[in-house]
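Have a look at the structure below, then the notes.
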Amino acid sequence: MMQGRSYVAGLLTGVVVTGAVALVGMNVTAAPEHAADAVAPVTMIAPAGQAGGKMPEPAVKVLLENAQVRVREVTFAPGSGDTHTHPWAHVGVILTKGSLAFADAGKAEETVAFEAGSVGFREAKVTHLARNPGTAPMKVIEVEVK
């Protein structure tokens, strides 16, 4: 039974990611008229070790939202990032080559190099730091499954 659920979850995620990438490729954006009222916020927590100044936050744009998913385009300018908690599990699709540094709550930061087209998954309600340590912007599509 559990394998069947995992298969269905993986299939659903693949369909959602494929649709999101197609939407971005066509520059189609769709959000409900009152999207701000329906959006569960991403909880922001001040980055650890941030002495004196605040790290610039990534630019976030909601591309699509309905009762099942929220699709966001996140652009990490060089040096930008934040510590946050996603309300839902999500798949991230990397659109630009580069590196992102990640640190789950209470763990050491790890820098990961990405190629355009790389894909990753993160469970819901996990607090982590994500920042761009590089010199070029990083663009990611996040498909959050509600």
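If you're matching positions, the sequence shown starts at 23 in the numbering used here and goes up one per residue. Glycine included, every Cβ here is placed at the ideal spot set by N, Cα and C.
With 16 other CB atoms within 10 Å as the buried threshold, where does Phe98 fall?
As a first step, residue 98 must be located in the sequence shown, where it is residue number 76. Buried.
Excluding five sequence neighbours on each side, which residues of the same chain lie with their C-beta closer than 6 Å to the C-beta of Ala125?
Here residue 125 is taken as the residue at index 103 of the sequence shown, counted from 1. Counting only Cβ-Cβ distances below 6 Å, and skipping sequence neighbours, we find Glu131 and Leu151.
Helix or strand or just coil, what does DSSP make of Thr149?
Residue 149 sits at position 127 when you count from the first residue of the sequence shown. Looking at Thr149 - three-state DSSP - the assignment turns out to be strand.
For the beta strand (DSSP E) holding Ser121, just list the boundary residues, first then last.
Taking the first residue of the sequence shown as position 1, residue 121 is located at position 99. Element bounds for Ser121: Gly120 to Asp126.
Compute the Euclidean distance between the alpha carbons of Pro109 and Ala146, then round it to the nearest angstrom.
Locating residue 109 in the sequence shown gives position 87, counting from the first residue. Locating residue 146 in the sequence shown gives position 124, counting from the first residue. In a straight line, the C-alpha of Pro109 is about 6 Å away from that of Ala146.
What does DSSP give as the partner residue(s) for Glu79 in the beta ladder?
On the sequence shown, residue 79 is found 57 positions in, with the first residue counted as 1. According to DSSP, Glu79 bridges with nothing at all.
With burial defined as no fewer than 16 other Cβ atoms inside 10 Å of the residue's Cβ, what is the status of Asn154: buried or exposed?
Translated into the one-based positions of the sequence shown, residue 154 becomes position 132. So Asn154 counts as buried.
Tell me which same chain residues have a C-beta within less than 7 Å of the C-beta of Ala57, skipping the five on either side of it?
The residue labelled residue 57 in the question sits at position 35 within the sequence shown. For Ala57, the pLDDT reaches just 43, beneath the cut-off of 50, and the residue's location in the model is therefore unreliable, although a value from the coordinates is still provided. Answer for Ala57: Val84 and Glu87, listed in chain order.
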